[in-house]
Amino acid sequence: MPITGSPTTAATTSSVDTPDISTTAVPDAVVGQQYHAALAANGGSGPYSWSLAGGVLPEGVTLDPKTGVLAGIPKVNGTSHPMITLTDSQGASSMFTTALAVQAAPKAALPLLMTGVRSITEGQYADYAVRDDGTALAWGNNTYGSLGNGTFSPTQVLSPTEIPGLNGVVSISTTTYGAQLALKADGTVWSWGTNAYGELGIGTTLPSSSPRQVTGLTGVRTLAVDRNSIFAVKSDGTVHAWGQNDLGQLGNATFISSSTPVQVAGLVGVKSIAPCGDGIFIAYKIDGTLWKWGGWSSGIDPLPAVAIPHISGVRTMVASRYAKTVYALKFDGTLWSAGSNSSGQRGYSGGSDNDPAFQHFAPIAGLSDIQSVSTIDGGSGSGTAFAVKKDGTAWAWGNNSFGVLGTGTTAARSSTPQPIPGLTDVQSISSNTFGRAIYALTVDGTVWGWGEGGVGEFGTGAVGTVTLPIRIPGLSNVVALLPGDESAYAIRADRSVWGWGVGVSKRLSDGTRGYSVPPLQLGSSNSFPAGVGTGLHPAGVALSPDGTAAYVANEGSNTLSVVDPENGTVRTTLPVGNSPRGVAISPDGAQAFVTNSGDNTVSVINTATGALAATIAVGSGWGASAVAFTPDGAKAYVTNAGEGTVAVIDVGSASVGAVIPVGVEPVAVSITPDGTQAIVTNFSDDTVSVIETATDRVVKTMPVSGGPRSVVVTPDGLNALVSCGGTNSISVVHLATTQVSTVQVGSRPAGVALTASGTRALVASTGSNELSVVDVASGRSLGTFPTGTSPSGVAVAPDGSTALVTNSGGETVSIVKLGPAMGVALPAAATVGVPYAYHFNAGITPPPAYSVSSGSLPAGLTLDSRTGTLSGKPTVAGTSTFSVTASTGTAPDATASALTITVVTASTVPSMTRGAWRDFNGDGISDLLFRYDDGTLAVLGGSTKGTSSSVSILSPGWARMNAVVFPGDFTGDAKTDILARDSTGALWLYPGKGDGPLLPRIKLGSGWNTMTAIVGVGDFKGHGRADVLARDTTGVLWLYPGNGKGGWLPRIRIGAGWNSMTALTSPRDFNGDGRSDLLARDTTGVLWLYPGNGKGGWLPRIRLGAGWNIMTAVFGAGDFNGDGKADVLARDKANTLWLYPGSGKGGWLPRVNLGKDYAPLM
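In terms of my numbering, the sequence shown is residues 520 to 1681.
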C-alpha cells in the first residue's frame, strides 16, 4: 500500500525474501538539463522490474522499467511526488515515494574562465578540466557531491570553479554512475562523488563530497575505468582494481565488489589495459604480449590472468567494449584483431565469427605501415575502426551508422578498410561519447569532422548526416582534441581552449541551452616555460656537444624527437625501438644511442642523416634504461633494469662486449670525466655500483638510501650526485670515501644534470612539477622553476643559460631559461628636458634584479631595479657610457656592456630615428591610435606588458584623412611625428610634442592620392633620418628620403610589381641587424619579410608564414611590449587585435590577444 508519511521513506516487510528499495532520496533536477538518478535495490530474487504506481514524474523524465533509472530532460519547474514499485522475479514487491524537485534554469551567462587547460573530461553530472599547474576545475550539477566542493547541496555551478584542496593533478576519470577519480603526479589517486559499489576506493560505500585519497594506493601511472570498476596500472607494472565486480572484472577470482584496491593476480610488467566487454580485460605488457582476465558466462568462474597465445611484438592495443573487439598494432606496422566481427570491424566479411575469449588474433588484410589505430566505443557507432598510416592517410571500416566511416557512402557497413577521402597528414582520429561524430586532427593543427551533426558537433550549424570530412571552422594550431557527449574541445598551441556543440552552451539569457557555432574560445594562458610538443611520455633527453640540437626519447610513442632548443621547434621525429627511455650523444656528436626498455635494445642513430645505423641487443628480457659514453667515445655503458646488469658496447663494432652484474634494477649510469669509472644507480636495493672501465668489473658498492635514480659526476671527478625519489633529496656521494650528504629538493626527484662549470645541479622533481637549482659547493637549494607535468629528464645547454626538461606526464619538453639574457636596442640619443624611457627585459621568470654595474647614467635618468625601466628627463648634455646587469642569483648574470647615450639640447638634435616608434606620451613605449566617428584622434598608451593603459586626445579634425603614416622623428626634434593624407591628396605633417597633443600641422605637398600605400620605415637609407616608402597605382615602390627637417630629398625608385601586395607595413628593425625592414602580405595571404640593407634597398626576402589574409589590417608597432624588439599588431575580421611580439631575429614569440572592438585602430 502507498506510504503516506514522509515523502522520502521506503517500505519493506519482515521477510528476508522481499525486495527492498534502498534509495532514500533522489537529487533535484534543473529545467533543460540532463537528469539521471539510479534507484538502488537489494533482497528478493532478480531480475527486478520497476513501475510507476501513483503520482506523476516531472514532464520530460521517465522511469526505466528494467534498470530503475530516472532520466530525461525536465521541461517545467516544480515538485512531483512519484510512487515507484519494485517487483522481483517471484512477484514480491515494495514501494517508494519521493519528492522530485525541478529547479528553474539559471539565467546567468556562462563565464569563460578556463585558462591554461591541458585536458577536459565530461562526467555524468558535471564536467572537469585539469590545468597546467595541476589544479582542477569543475562545473555543472552537484549531484552526489560531483563538484567536489565539500557539500551535497543540489546546486548547479555554471562557472568553472577550482576544486578545493586538489592539486598536482595529471588527469581525471569518471564512472558511469558519477564517481570521479583524479590521478596526481605523485602517483596517488583521489576520488569523490557517488560510491554505491565502493568505486571511490576509500573503504566504504558512502558518497563523498570532497576528494579523498584512495586507500593504500601509491605509484600509479595510469587509470582505466569500465562502468563502475576502476583499474590502476602502477609504475612497477602491477594492476590494482576496485569497485563493481559483477563479472569478475577485478581479477580476484570472486564476484564481490571491493571498496579498496585489490591486486589483479598474475600480472606484472603491464603498460596499459583495456575493457573488452562482458567483464573481460586485456593488458598490454611492456614485452609486447597480451594477457586477459575476468569475464563471466553461465556460472563459470571468472578467468584468471593468462597470456593470449599466438600474439607478440605488440606496440599498442585498443579495444571497443561495446563492439567486443580488440586491435593490436605491431611494431612491424601490421594490425591484428580478435573478438566480434558483427559489423565487419575485423576487416573481413562472412558472418560475425564471434571470438568471445579473444583467443584468435588475425591480421587485417590490406593494411600496412600503420602509425595508430582507434575505435568507437559507445552508442550506435560501435563496431567501427580507424587506422592512420605513416604516410598520413586515414582508413576506416566496420559499422557505418550515421556515415561514421567518412567515405561518402551511407551503406550500413564495410568489411574492407577504405581510405577516407580528402584527409592528409592525419595525426589522430577520435569520436564523441555517443560514437556518432568523428574528428580528425591533422599535422597542421586543423580539425575535421563527419558523421551525425544535429546539435553543432561540427561547429557549422549543419544538421543531419555528414558522410565526408568537413573542416571545423575557426580552428588552427590545435595540439589536443577532446570530444565529449554532444560537444568537443580543442586546445591550441598557445594553450587557448576552444569548444563547440551543446556542451559549450552560450547559456542564453533565459537559461536555455543553445549550441556554439562556430567554436567558442574559452580562454588562454600558459604560465609555464615554453613547451615543445614531442611524443607521448618523453623520458630521456641529451644535447649535442655544441648545444644546437636536443634529442628526446618518447617512451609512449616509440620515437626520438630532434628539437631545436633555440627556436623551440621539432626538427624531425625518428622511429626507434619499443619504449625508449634513455639517450646519449657520442662525444663527436656523430651518433645518438637510444635505449629501448621494451625490447632491450639500443638504437644507433646517425645524427647527420637521421638514419638508423644499427640496433644492438643488450639483453634477453626488458629494461634497457640509461646509456653513457666514455670521454673517448670508444665504449657505451647501458643499464639493464630488468636483468640487473650493465652491458658494455664497443662503439666501433656496434657490438656488446662485457655484461657486468650490478645491483637490483640499475636505472642510470654516469662516466667520470677521466673515463676510468662508470657510476651506476641500483633503484631497488638502494646501492650505487662503481665499475672500473679498464677491467669492466665492479670495484665498489656503496649504500645510498631512498631509491637512487639519476646520477651525474662532477667535473673534478670527486663526487656523484644521485637523485633519491623516496627521500625527496639529492645525495652527494664522495667517490673516494663513500661519505654521503643530502640536499632536500622537490617531491620525487628524477633527472639530475650539472652546468658545464659543475657549480650548479639541476634536478627535475616529478611530484612537484618543478626544476630545482642546487649550489654544489654549499649544498644549498637556490630556487625552483616551474615545468610541465611530471618532469623526468634534464639536459643543460653548454653555456648554462637553458635547461631542457622532459615532461613524462604529457607530450612536451619545457625549455627553461635559467639565467637572464638581454638583447638591447637602447636609444642612443636623448634631449635635455625631454622624457626618455627604455625597458631592459632579461626574458626570465621570476624577474631578475637590474643594476648599473659599471659607468654612470646620464644626469636625470634612473634605473628601476625591479622592472628594468630606465627613465627620466636628462638635465645635462654630454655622453655617458655604462653597463646594466640582470641577476637572478640562480644562474650566470647577463650584462649589457658599453651602452652609450648622448644627451644634447633640442637645438642641436640632427635627427631621431631610433627609440619608441609610435610613442606619443613620452614613456618610451609604442602607443595605439584611434580615430573616433567625429574625427577625433586619440592615443591609447602602451605598457611594458604589451597591453594598453590610459586614453588621451591628440587632435580633432581627422575625419577627412584616408591615410595616416608614422615615420618616427620626421622633423629632427627627437619627438614622434605623424603624416596624414586628406581626401584631396594633400599630405600633412603633424609634429609631435613628445608628451601629449600635436603641434599645428604643416602641408608637405599635393598629388599624393596617386599613391595606393604610404609607409613610414624609419631610417631606411642609413643616413640617420626618417624616410617614407610609397607605392603608386602602377605598382612602383618609391623611397622618399627625409631631410631631417620635415621635408624630402629627391625620391628614389625601388622597384615595380608591388601591386601584388595587399598590405605593406614596417615594424622598423625586425631581424635585429640595426636596419629598418618592410613586411608585405601577398594576395594568397603569405607574409614576407624584406630585410633592409641599410642603404635604401633589400636583402633577399624571407617567407614568415601563410594565413594572413584573415587579417583586415597589419601594423608595424615598433617596440609595443617594451622588450627592446620590434613587434607587429594585426586586426582580424572580428575586430580582435593581436600582438605578435618580435623575437628580435626575424620571427615571432606566441601571439597575445589584446581584445576586441579595435575597428577604429589606425
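Glycine is no exception: its CB is placed at the ideal position from the N, C-alpha and C atoms. This structure is a prediction, so every number in the text was calculated from the model and none was measured.
Exposure label - residue i; buried when at least 16 CB within 10 Å
i: residue 878; result: exposed
i: residue 725; result: exposed
i: residue 1123; result: buried
i: residue 595; result: exposed
i: residue 1652; result: exposed
i: residue 1244; result: buried
i: residue 771; result: buried
i: residue 1614; result: exposed
i: residue 1056; result: buried
i: residue 991; result: buried
i: residue 1394; result: exposed
i: residue 699; result: buried
i: residue 532; result: In this prediction, residue 532 has a pLDDT of 32, which is less than 50 and means its spatial position is unreliable; nothing more can be read from the coordinates.
Residue range of the beta strand (DSSP E) that includes residue i
i: residue 641; result: 636-641
i: residue 1289; result: 1289-1294
i: residue 703; result: 698-703
i: residue 1506; result: 1506-1509
i: residue 1596; result: 1596-1601
i: residue 1369; result: 1368-1374
i: residue 1243; result: 1238-1243
i: residue 1182; result: Element bounds for residue 1182: n/a, residue is neither H nor E.
i: residue 555; result: 554-557
i: residue 1685; result: In this structure the chain extends from 520 to 1681, so residue 1685 is not present and cannot be described.
i: residue 1728; result: Missing from the structure shown is residue 1728; the chain here goes from 520 to 1681 and no further.
i: residue 585; result: Per DSSP, residue 585 belongs to no beta strand (DSSP E) and is neither H nor E.
i: residue 1310; result: 1310-1315
i: residue 1253; result: 1248-1253
Nonlocal neighbours in the same chain, by C-beta distance under 6 angstroms from residue i, ignoring five residues either side
i: residue 1667; result: 1659
i: residue 1145; result: 1101, 1158, 1187, 1188
i: residue 1628; result: 1604
i: residue 882; result: 853, 855
i: residue 637; result: 649, 651
i: residue 1480; result: 1499, 1501
i: residue 1190; result: 1147, 1149, 1197
i: residue 1541; result: 1613, 1614
Residues that DSSP places opposite residue i in a beta bridge
i: residue 860; result: Partner(s): none; residue 860 has no beta bridge.
i: residue 917; result: 903, 933
i: residue 890; result: Beta-bridge pairing links residue 890 to no other residue.
i: residue 1559; result: 1547
i: residue 747; result: Per DSSP, none; premise fails for residue 747.
i: residue 882; result: 855
i: residue 1634; result: 1648
i: residue 731; result: 710
i: residue 911; result: DSSP, once it has assigned bridges, lists no residue as partnering residue 911.
i: residue 1083; result: 1088
i: residue 1197; result: 1190, 1210
i: residue 1326; result: 1310, 1331
Close-in-space but distant-in-sequence residues of the same chain around residue i (CB under 8 angstroms, 5 per side omitted)
i: residue 574; result: 599, 600, 601, 602, 616
i: residue 817; result: Any reading at residue 817 must be qualified, since the residue scores a pLDDT of 39, below 50, and its modelled position is unreliable; the value itself is stated next. So no residue of the chain qualifies.
i: residue 588; result: 555, 556, 557, 558, 582
i: residue 775; result: 764
Residues near residue i in its chain [Cβ-Cβ closer than 7 angstroms; skip 5 each side]
i: residue 971; result: 921, 955, 956, 984
i: residue 1181; result: 1163, 1164, 1165, 1199, 1201, 1208, 1217
i: residue 987; result: 925, 927, 940, 941, 969
i: residue 1133; result: 1123, 1173
i: residue 813; result: 766, 767, 768, 770, 798, 799, 800, 821, 822
Discussion item. Within 8 angstroms, do at least three Cβ pairs link the region 796-804 to the region 1084-1101?
Written reply: no
Worksheet item: Would you call the region 1165-1185 and the region 1077-1084 in contact, with 3 or more CB pairs under 8 angstroms?
Response: no
Discussion item. Is it the case that the region 909-918 contacts the region 933-940, given that we only count it when at least three CB pairs across the two stretches are under 8 angstroms?
Written reply: Using a Cβ-Cβ distance cut-off of 8 angstroms, the region 933-940 and the region 909-918 are in contact, since at least three pairs of beta carbons, one from each stretch, lie closer than that value.
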